[in-house]
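Asker:
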Amino acid sequence: MFRPASGRGLVRRYYLYRATIAVGFITPIFTLFLLRTLTFTQVGALSAIYASLSVVGEIPTGYVGDRLGRRASLLLSVLFTVVSLAGFVLASGFRWYGFLYALWALALTLRSGSMDAWLYDTLTERLDSEQFSRIRGRGDAVQKWTAAVSMVAGGLLYGLHPTYPFVAAVGFNSLGFFALLSLPKNRQYADRGSDSRSADRLDPLETVSVIRTYLARPPLRALVLYIGLFYAVLGVSHTYIQPMVVETLGPYAATIGVQVPAGVPTAAARVGEAGAALALGLGVLYAALTAVASAGGYYASAVEDRLGVRRAVVVVPALTAVALVGPLWFALVVLPTFTTMRTAKPLVQPIVNGYINDHVESVGRATLLSAVSMLHMILRTPLALAAGMVADATTATTAVAALGGLFLVAGGAVWLFGEIAPETVAASGDGASKSAS
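440 is the number that the numbering used here gives the last residue of the sequence shown; the numbers go up by one with no jumps.
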């Protein structure tokens, strides 16, 4: 159907795929959409459902990526994403939303390990695996720039009808099928006639052994725990950006004619009743934040070269946690806080995943990266529930500050008692040879 790609053409097609998985249409209004009928605690429960099902699904879906092929796993991810988005158009209520969150979790787990495993193996086969951080980071930037453009449209569409952003997202994300079909399979999956139980595939018992071997000992153990906690805190915090805008910037917005609902007893209800003007404002705000945050992924390789892996993965999360605490005392610092929140993960994730890829063998790579995501979701589940209850009892801003403080304490303990990303020799057999920093 498509001509084989190589070199720059292959990288461009990878960037095209990354653009099609952007969910900008719904990002700036998603919590707004949910809070029309739900409380913060219910939104936190949905996030916990997503995280719990991700834990259950990460290893099986990583196994699918290693067994059937990374591209096949990514195609399934697009399918479940589109079905989930369509569901928000057709159904409402906590139970239906729980089911749709489950589909969304399945879609994300099918992609979490397979996308990076496909890219790393493809670069090893056709280009150079040492380009992983640069290409992965720029892929993040492409995805974020695409999201930024569609975020403004999402805010406008929400003002017309709350379901219109989801309709637009269904159409746009469906393009991912065509983008993926233009990409090649990894070599070990390209020959349809090969024995499905070849030496390059793992059986379930071997899968468990790979995870235990790599994650339960240095050099990955402390890194995975530290970065998993950071991803969990950051993921839960993102849920509260929209209510934090209402709480911290509402009085300032009123001075320029953007009215935030008043006389409503809780921040959750005020956000849920927000009108078209606030939705558009959130779309513009998210677009601006995402455009700035795209620099994180784009310059990830430069940061790695400048600081080294160890300092980059320790310092960036710590500074982000400090930023989460700031708006509790100074409302206007919420804007740089949002910028830091949006930039931190795309900055550090290519560096972390590159380090992990360098220290594991090719066989089982998708499964191992999925296991890393699984740990993040295990930690996210109780944090999501606790943050929802804190936000209902106090404010969303307080809940996010508590998450930042928690990371500073727990992450500091991991740094103090464990060695994060030590400089070691990379795993053999992948064509990778660079050191940790």
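Built from N, CA and C at the ideal position, the CB exists for glycine as well.
All of these numbers come straight from a predicted model, not from anything done at the bench.
For A315 and T343, which I take to be in contact (beta-carbon distance under 8 Å), what is that distance rounded to the nearest angstrom?
Answerer: Contact flag wrong, Cβ pair sits at about 15 Å.
Asker: Which residue from D124, V92, V85, A89 puts its Cα closest to that of L111?
Answerer: V85
Asker: Does the beta-carbon of D308 have 16 or more other beta-carbons within 10 angstroms, so that it is buried, or is it exposed?
Answerer: By the neighbour-count definition (other C-beta atoms within 10 Å, threshold 16), D308 is an exposed residue.
Asker: At the level of alpha carbons, what is the spacing between I423 and A294?
Answerer: Distance between the alpha carbons of I423 and A294: 30 Å.
Asker: Just how far apart, CA to CA, sit A321 and V81?
Answerer: 33 Å
Asker: Exposed or buried, what is R195 when buried is set at 16 or more other beta-carbons lying within 10 Å of its beta-carbon?
Answerer: The predicted model places R195 with a pLDDT of 47, which falls under 50 and marks its position as unreliable; any figure quoted below should be read in that light. Exposed, by the Cβ-count rule.
Asker: So the alpha helix (DSSP H) W2 belongs to, where does it begin and stop?
Answerer: Residue 2 lies beyond the residue range present for the chain, which begins at 4 and ends at 440; the question has no answer from this structure.
Asker: In the segment 85 to 132, which residue ranges form an unbroken alpha helix (DSSP H) of at least 4 residues, counting only runs that do not cross its ends?
Answerer: 97 to 115, 117 to 129
Asker: Looking at the secondary structure, which residues open and close the alpha helix (DSSP H) in which G142 lies?
Answerer: Per DSSP, G142 belongs to the alpha helix (DSSP H) from 135 to 163.
Asker: I believe A282 touches G162 by the beta-carbon criterion, under 8 Å. Please report the beta-carbon distance rounded to the nearest angstrom.
Answerer: Contact flag correct, Cβ pair sits at about 5 Å.
Asker: Would a C-beta distance cut-off of 8 Å place T34 and Q352 closer than the cut-off?
Answerer: Going by beta carbons, T34 and Q352 fall outside the 8 Å limit.
Asker: Mapping DSSP to helix, strand and coil, what is G311?
Answerer: coil
Asker: Going by beta carbon distance, what residues of the same chain come within less than 7 Å of S136, once the five residues before and after it are set aside?
Answerer: A303, S304, E307, P353, I354, G357
Asker: Whether or not the segment 107 to 124 and the segment 222 to 232 are in contact is what I'm after, with contact meaning three or more pairs of Cβ atoms, one per stretch, closer than 8 Å; do they touch?
Answerer: no
Asker: Give the straight-line distance between the Cα atoms of G157 and G12, rounded to the nearest whole angstrom.
Answerer: 31 Å
Asker: Do you know how far the Cα of G96 is from the Cα of L38?
Answerer: 11 Å
Asker: Whole angstroms are fine: how far does the CA of G414 sit from the CA of T125?
Answerer: 34 Å
Asker: Quick one: grab the DSSP three-state call for R74.
Answerer: helix
Asker: Do you know whose CA, among F169, W107, L160, lies nearest G284's CA?
Answerer: L160
Asker: In whole angstroms, what separates the C-alpha of V328 from that of W418?
Answerer: 20 Å
Asker: Just the C-alpha distance for F341 and A296, rounded to the nearest angstrom, thanks.
Answerer: 9 Å
Asker: Report the three-state DSSP secondary structure of A257 (helix, strand or coil).
Answerer: Since pLDDT at A257 reaches only 49, below the 50 mark, its modelled position is unreliable, and no value is offered.
Asker: Going by C-alpha distance, which of A144, V287, V236 is nearest V412?
Answerer: V236
Asker: What's the call for D131, buried or exposed, on a 16-neighbour Cβ count within 10 Å?
Answerer: exposed
Asker: Straight-line CA distance for T127 to L335?
Answerer: 46 Å
Asker: Apart from the five residues on each side of it in sequence, which residues of its chain come closer than 6 Å, Cβ to Cβ, to A324?
Answerer: G407, F410, L411
Asker: With distances taken between CB atoms, is the gap from P330 to T251 smaller than 8 Å?
Answerer: yes
Asker: Where do the N-terminal and C-terminal ends of the alpha helix (DSSP H) with R345 fall, by residue?
Answerer: 337 to 361
Asker: Buried or exposed for V173, going by 16 or more other Cβ atoms inside 10 Å?
Answerer: buried
Asker: Considering just the uninterrupted stretch of the alpha helix (DSSP H) at P246, what are its terminal residues?
Answerer: 244 to 247
Asker: Look at the Cβ atom of A151, then the Cβ atom of G27, and state whether they are nearer than 8 Å.
Answerer: Taking 8 Å as the Cβ cut-off, A151 and G27 qualify as a contacting pair.
Asker: Per DSSP, what kind of secondary structure is R39 in: helix, strand or coil?
Answerer: Looking at R39 - three-state DSSP - the assignment turns out to be coil, as it is neither helix nor strand.
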